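Counted the way numbering that gives the first Met the number 0 counts, the sequence shown spans residues 0 to 133.
These notes are about the structure you will find just below.
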Amino acid sequence: MFAKIHLTIIVFGASVLSFNSQAGEAEDAFVSELADCAAYYHIATDAISAMDAPQMAAVVERLKLSGEQAEQLAKQFHTEEQVSAAITAAAQKHRAAMPNEKSLGSLMGKYKETCKSILAEPEKRLDYWSMVTM
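Quick look at the structure:
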């Protein structure tokens with residue numbers, strides 16, 4: 000008989016992620032998504048910070064924290080080097096798709112709600128990837 004190994008990872012002290020140890024593909028897909036989100040948040044933070052608009056300071060801080068959260072969550076599944084490389088690649092991909100460095104519209108349209116949802120309930124998204132990659 001084969002026994003399934005069940006792991007529990009605590010993220011940020013509050014959220015708990017559970018997954019089957021055979022979920023390598025699911026983890027890879029999840030980390031890829033998190034890298035896209037981290038890159039989106041980093042690009043948005045840089046673009047809005049460059050506007051030098053004091054009234055946007057709270058937005059910049061929220062974006063920065065969300066980027067850090069996505070990055071830290073990804074590091075629960077892959078090494079720091081792998082996560083850093085994935086975020087760098089995602090940022091290059093995002094920037095290449097932008098008309099200019101200040102034009103966040105298409106990036107926001109694609110990632111704003113998706114990333115917010117992923118960070119709000121990461122266990123649900125990992126469960127999704129576990130089902131899709133079976």
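The beta-carbon is built from N, C-alpha and C at its ideal position, and this holds for glycine as well.
What you are looking at is a predicted structure, and each value in this text was computed from that prediction instead of being measured.
| task | Below 6 Å CB to CB, which residues in the same chain sit around Thr25 once its five sequence neighbours on both sides are set aside? | result | The residue asked about is misnamed: residue 25 is Ala in this sequence, not Thr. Within its own chain, the residues whose Cβ lies closer than 6 Å to the Cβ of Ala25, once the five positions on either side in sequence are excluded, are Trp128, Ser129, Thr132, listed in chain order.
| Starting from Pro98 and walking both ways along the alpha helix (DSSP H), at which residues does that stretch end? | Counting along the chain, Pro98 falls outside any alpha helix (DSSP H), and DSSP gives it neither H nor E.
| Is Asp185 helix, strand or coil by DSSP? | Since the first residue of the chain shown is 0 and the last is 133, residue 185 is not available in this structure.
| field | Boundaries (first-last residue) of the alpha helix (DSSP H) holding Ala119 | value | Segment 104 to 119, the alpha helix (DSSP H) holding Ala119.
| query | Does any heavy atom of the ligand SAH sit closer than 8 Å to the C-beta of Val30? | reply | Because no ligand of any kind appears in the structure shown, any question about the ligand SAH cannot be addressed here.
| query | For Lys101, which residues from the same chain have a beta carbon less than 6 Å from its beta carbon, with the 5 sequence-adjacent residues on both sides left out? | reply | Excluding positions up to five away in sequence, the list reads Ala46.
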